[in-house]
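There are 2 protein chains.
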Amino acid sequence: MNKFIEDLASSRPTPGGGAAAAMAGAMAAGLVEMTAKLTEQTKRIEQIKQSGAELRKRLLELAEEDCQAFEAVMAAYKNKTGKKEALEWAMRVPEETMRICQEVEKLAQEMVETGNKNAISDAKSAVYLAQAAQKSAQENVEINKIALTKLKNNE
Amino acid sequence: MNKFIEDLASSRPTPGGGAAAAMAGAMAAGLVEMTAKLTEQTKRIEQIKQSGAELRKRLLELAEEDCQAFEAVMAAYKNKTGKKEALEWAMRVPEETMRICQEVEKLAQEMVETGNKNAISDAKSAVYLAQAAQKSAQENVEINKIALTKLKNNE
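Following this line, the structure appears as structure tokens:
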């Protein structure tokens with residue numbers, strides 16, 4: 317994690333806010349899994365554990381994809397070709413991050429209500445991190461949407 | 317980062333929400349640094365860059381300290397000695413995380429207002445992550461405060 321955060325702090329534009337959003341969402345999903353593991357096992361808790369693991373893995377992939385998509389945007393502007401396709405990709409990644417973090421937030425909320433009370437601060441942390449991830453991803457959707465609109469108006 | 321998130325997801329209680337809060341804060345500080353590096357250099361931007369780096373480093377230390385403090389709490393309960401000192405330590409760590417993330421949020425807000433507009437989604441992401449980190453750390457202060465009160469009432 318320290319390496320990722322160092323890269324975040326560097327002057328290179330990737331990883332940026334979109335990747336950080338996906339990482340925050342992955343931390344939230346990880347906390348959902350942990351609280352589920354610390355709770356009495358029922359069929360529903362078992363499901364939450366599995367969903368948490370799947371969402372966490374997808375979010376880690378999205379953090380990487382966000383960097384690739386943004387690098388494609390920079391290359392497209394440099395080479396003056398493929399801008400539209402690159403911007404659409406760079407918009408799709410945080411859109412999926414938002415959707416997935418919404419699911420993570422719901423599971424985290426369920427763990428706040430039904431999970432082991434000794435781990436309630438962990439479940440609440442998962443809620444807050446999933447919310448921040450959604451808001452951050454949304455900013456990244458918006459900034460690419462604005463660039464796409466500008467591009468279409470200049471065509 | 318992937319290793320940290322896997323550990324978060326495991327059934328071991330550390331790292332938990334307190335460490336995740338510090339990590340989210342460190343990501344926010346990293347984004348503050350990045351946006352400052354992408355902005356025209358003035359004396360103030362230079363200061364923000366340096367403060368961001370210092371706060372990021374302290375938050376990474378606090379993430380580790382949070383695990384150590386919680387392990388000390390578990391050991392104290394197991395050995396029935398040193399509970400009060402361990403709980404006080406476990407409360408001090410997220411208290412400092414909160415304070416530092418408040419500073420990170422202020423710097424991030426300043427970057428939203430005065431930073432390179434092309435990186436505004438990164439600066440806004442830093443604000444959201446720093447806010448979530450504060451709320452998560454606060455939950456961890458509270459849960460330890462409750463345990464301390466219980467302990468004093470049983471003495």
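Top to bottom, those sequences are chains A and B. Quick note, the first sequence lines up with residues 317 to 471 if you use my numbering. Quick note, the second sequence lines up with residues 317 to 471 if you use my numbering. A virtual CB, placed ideally from N, CA and C, is assigned to each residue, including glycine.
| Is the number of C-beta pairs between the segment 371-380 of chain B and the segment 346-355 of chain A that are closer than 8 angstroms three or more? | no
| CB contact flag (A:Q425, A:V443, <7 angstroms) | The answer is yes: Cβ separation under 7 angstroms.
| said: Tell me which residues of the segment 455-470 of chain B have at least one Cβ-Cβ distance to chain A shorter than 8 angstroms, keeping chain order. | reply: Those residues of the segment 455-470 of chain B that come within reach of chain A (Cβ to Cβ, closer than 8 angstroms) are E455, N456, E458, I459.
| task | Out of B:M427, B:A446, B:K468, point me to the one whose CA is closest to B:I361's CA. | result | B:M427
| For B:Q384, three-class secondary structure by DSSP | helix
| message | Taking 7 angstroms as the threshold (beta carbon to beta carbon), is B:K359 in contact with chain A? | response | By this cut-off, B:K359 is not an interface position.
| said: Is it buried or exposed, B:K365, if we count other Cβ atoms within 10 angstroms and call 16 or more buried? | reply: buried
| Excluding the five sequence neighbours on either side, which residues of its own chain have a C-beta within less than 7 angstroms of the C-beta of B:E387, listed in chain order? | T330
| query | Cβ of B:L376 less than 7 angstroms from any chain A Cβ? | reply | yes
| query | Any idea if B:K440 is buried or exposed, counting beta-carbon neighbours within 10 angstroms, 16 or more meaning buried? | reply | buried
| task | Closer than 7 angstroms by C-beta to B:L403: which residues in its own chain qualify, once you throw out the five before and the five after it? Chain order, please. | result | V389, N460, A463, L464, L467
| field | Start and end residues, alpha helix (DSSP H) containing B:M350 | value | 333-353
| query | Just to confirm, are B:L445 and A:A448 a CB contact at a threshold of 7 angstroms? | reply | yes
| request: Quick one: list the residues of chain A neighbouring B:Q418, beta-carbon separation under 8 angstroms, in chain order. | output: Ordered by position in chain A, no residue passes the 8 angstroms Cβ test against B:Q418, which lies about 15 angstroms from the chain.
| Contact set between the segment 441-456 of chain B and chain A, restricted to residues whose Cβ is under 7 angstroms from the partner | S441, Y444, L445, Q447, A448, K451, S452, E455, N456
| field | Start-end ranges of the alpha helix (DSSP H) lying completely within the segment 361-435 of chain A, minimum 4 residues | value | Here the runs fully enclosed are 399-430.
| message | Would A:A335 and A:C383 be called neighbours here (beta carbons separated by less than 7 angstroms)? | response | Taking 7 angstroms as the Cβ cut-off, A:A335 and A:C383 qualify as a contacting pair.
| Alpha-carbon spacing of B:W405 relative to B:D323, whole angstroms | 22 angstroms
| request: Answer yes or no: do A:V420 and A:A345 have a C-beta to C-beta separation smaller than 7 angstroms? | output: yes
| request: Please decide whether B:G431 counts as near chain A, where near means a Cβ-Cβ distance under 7 angstroms. | output: It does not; no Cβ of chain A falls within 7 angstroms.
| query | Can you list, in chain order, the residues of its chain whose CB lies under 7 angstroms from that of B:I436, leaving out five sequence neighbours each side? | reply | V428
| said: So, at 7 angstroms on beta carbons, what are the nonlocal neighbours of B:G398 in its own chain, with the 5 sequence-adjacent residues on each side left out? | reply: A392
| task | Please check if any C-beta of chain A sits within less than 7 angstroms of the C-beta of B:L423. | result | no
| In three-state terms, what does DSSP make of B:E471? | coil
| request: Leaving out five residues on either side along the sequence, give the residues of the same chain with a beta carbon under 6 angstroms from the beta carbon of B:K319. | output: Nothing listed; no residue qualifies.
| request: With DSSP as the reference, label A:S327 as helix, strand or coil. | output: A:S327 carries a coil assignment under DSSP once its states are collapsed to helix, strand and coil.
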